[in-house]
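**Student:** First to last, the protein sequences are chains A and B.
Just so we're aligned, residue 421 is where the first sequence starts under the numbering used here, counting upward by one.
Just so we're aligned, residue 670 is where the second sequence starts under the numbering used here, counting upward by one.
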Amino acid sequence: DTGVSQDPRHKITKRGQNVTFRCDPISEHNRLYWYRQTLGQGPEFLTYFQNEAQLEKSRLLSDRFSAERPKGSFSTLEIQRTEQGDSAMYLCASSLVGTGVANEQFFGPGTRLTVL
Amino acid sequence: KNQVEQSPQSLIILEGKNCTLQCNYTVSPFSNLRWYKQDTGRGPVSLTIMTFSENTKSNGRYTATLDADTKQSSLHITASQLSDSASYICVVSGAGSASKIIFGSGTRLSIRP
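This is how it looks when you write it as structure tokens:
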């Protein structure tokens, strides 16, 4: 399977714990995005990387959230001291800048986080 | 403020019928508009992408239209199938910033046999 993969698919944690999610983009894609999606809503932009550089962060990304893409390939999203309001689907997408298809994003299956 | 509004919020139709979903946006400057299909518990999958100069694009039974003057788009589904049951999300990209990729809340479509 050469699509975007995310791990884990589901995570249940207790409030106050730290969690880390992983995203493996399509191998030749240079951009990687993180989104958060709550029930009945569209995805909300969190942050994106071009290669290993984190170029933009949303104001939604509080100081408890940190994302990395150390080698310009896979990325991790860590949430520290989780709160119940962090419960959501966390989606990763990748794209290849410079192609003719208007920077189309390909999404992974998401990680569903439940904070108890 | 950059916004994407979709209607209706939800829709139920019988298998075999056609339907049209609407998307209005205020994102400016405009770069492109995409329609995604999202099955429950899965990531969105792209159906169509349109830039400023395109006013219609088809993908099988899905046909999207774009009126860049009125900032409106529609997604028409022909001869619906049970597998079309999903959320359909309109996504508008503004020029320049990745944070100007604005997602609508989606239309939840249910196809009944």
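For each residue, glycine too, the CB sits at the ideal point set by N, CA and C.
Looking at chain A, is there any beta carbon in it that lies within less than 9 Å of the beta carbon of B:I682?
**Tutor:** no
**Student:** How would you label A:K491, buried or exposed, when you count the other beta carbons within 10 angstroms and need 16 or more for buried?
**Tutor:** exposed
**Student:** What is the DSSP secondary structure of A:G505, reduced to helix, strand or coil?
**Tutor:** helix
**Student:** Comparing alpha-carbon positions, which option in A:E448, A:S447, A:H449 and A:C443 lies nearest A:Y455?
**Tutor:** A:C443
**Student:** Quick one: give me the first and last residue of the beta strand (DSSP E) that A:R435 is part of.
**Tutor:** From DSSP, A:R435 is part of no beta strand (DSSP E); its letter is neither H nor E.
**Student:** What's the call for A:S515, buried or exposed, on a 16-neighbour Cβ count within 10 Å?
**Tutor:** By the Cβ neighbour-count rule, A:S515 is buried, with 16 or more other Cβ atoms within 10 Å of its own.
**Student:** Under the rule that 16 or more other beta-carbon atoms within 10 Å means buried, what is B:S735, buried or exposed?
**Tutor:** The question names Ser, but residue 735 of chain B in the sequence shown is Leu. Answer is buried; the Cβ neighbour count reaches 16.
**Student:** Within a Cβ cutoff of 7 Å, which residues of the same chain sit near A:G530, ignoring the five residues on either side of it in sequence?
**Tutor:** Q426, M509, Y510 and L511
**Student:** B:S754 to A:G462, Cα distance in whole Å?
**Tutor:** 17 Å
**Student:** Mind reading off the beta-carbon distance from B:K769 to B:N671? Whole number of angstroms is fine, and I expect it under 8 Å.
**Tutor:** About 6 Å separates the Cβ atoms of B:K769 and B:N671, confirming a contact at the 8 Å cut-off.
**Student:** What is the DSSP secondary structure of B:S752, counted as helix, strand or coil?
**Tutor:** helix
**Student:** Can you say whether B:N724 is buried or exposed, counting buried as having 16 or more other CB atoms within 10 angstroms of its CB?
**Tutor:** exposed
**Student:** Is it the case that the region 695-702 of chain B contacts the region 475-485 of chain A, given that we only count it when at least three CB pairs across the two stretches are under 8 Å?
**Tutor:** no
**Student:** Does any C-beta atom of chain B lie closer than 9 Å to the C-beta of A:L511?
**Tutor:** yes
**Student:** Does DSSP put B:K646 in a helix, a strand or coil?
**Tutor:** For chain B, the structure presents residues 670 to 782; residue 646 of chain B sits outside this window and is missing.
**Student:** So, with DSSP's three-state summary, where would you put B:G763?
**Tutor:** DSSP places B:G763 in strand when its eight states are reduced to three.
**Student:** Checking contacts by CB at 9 Å: is A:Q461 closer than that to chain B?
**Tutor:** True, the Cβ-Cβ gap to chain B drops below 9 Å.
**Student:** How long is the line joining the alpha carbons of B:Y694 and B:S727, rounded to whole angstroms?
**Tutor:** 21 Å
**Student:** What are the start and end residues of the beta strand (DSSP E) that includes B:I780?
**Tutor:** T776 to R781
**Student:** So is B:P713 buried or exposed if we call it buried at 16+ other beta carbons inside 10 Å?
**Tutor:** buried
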